[in-house]
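Engineer: Per the numbering used here: the sequence shown = residues 1 to 55.
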Amino acid sequence: MSDMMKAAVLYGNEDIRYTDWKMPEPGPGEVRVRVRAAGICGSDIPRVLANGAHF
1 MSDMMKAAVL YGNEDIRYTD WKMPEPGPGE VRVRVRAAGI CGSDIPRVLA NGAHF
């Protein structure tokens with residue numbers, strides 16, 4: 001298994017990038033799951049594109 005994954009990373013308003021990201025290692029009592037599909041809520045789009053991103 002690779003130690004990298006793809007991630008949509010929010011760097012700032014109107015700046016979201018799909019990039020390689022280091023895969024986190026699970027700690028004690030944690031597990032890593034493989035995501036088959038993901039989505040974005042329609043209400044998140046204005047938060048990214050309309051000066052409303054939360055960090």
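For glycine and all other residues, C-beta sits at the position ideal for the given N, C-alpha and C.
These numbers come from a predicted model, not from an experiment.
If you follow the alpha helix (DSSP H) that aspartate 15 is part of, which residue opens it and which one closes it?
Structural biologist: The residue given as residue 15 occupies position 15 in the sequence shown. Segment 15-22 is the beta strand (DSSP E) holding aspartate 15; no alpha helix (DSSP H) there.
Engineer: In the structure shown, what three-state DSSP assignment does valine 9 receive?
Structural biologist: Residue 9 sits at position 9 when you count from the first residue of the sequence shown. Looking at valine 9 - three-state DSSP - the assignment turns out to be strand.
Engineer: Are tryptophan 21 and alanine 7 touching if we call contact CB-CB under 8 Å?
Structural biologist: Along the sequence shown, read from residue 1 onward, the residue named residue 21 stands at position 21. Along the sequence shown, read from residue 1 onward, the residue named residue 7 stands at position 7. Contact: yes.
Engineer: Using the C-alpha atoms, what's the distance from methionine 23 back to arginine 47?
Structural biologist: Translated into the one-based positions of the sequence shown, residue 47 becomes position 47. Translated into the one-based positions of the sequence shown, residue 23 becomes position 23. Each residue's alpha carbon lies about 26 Å from the other.
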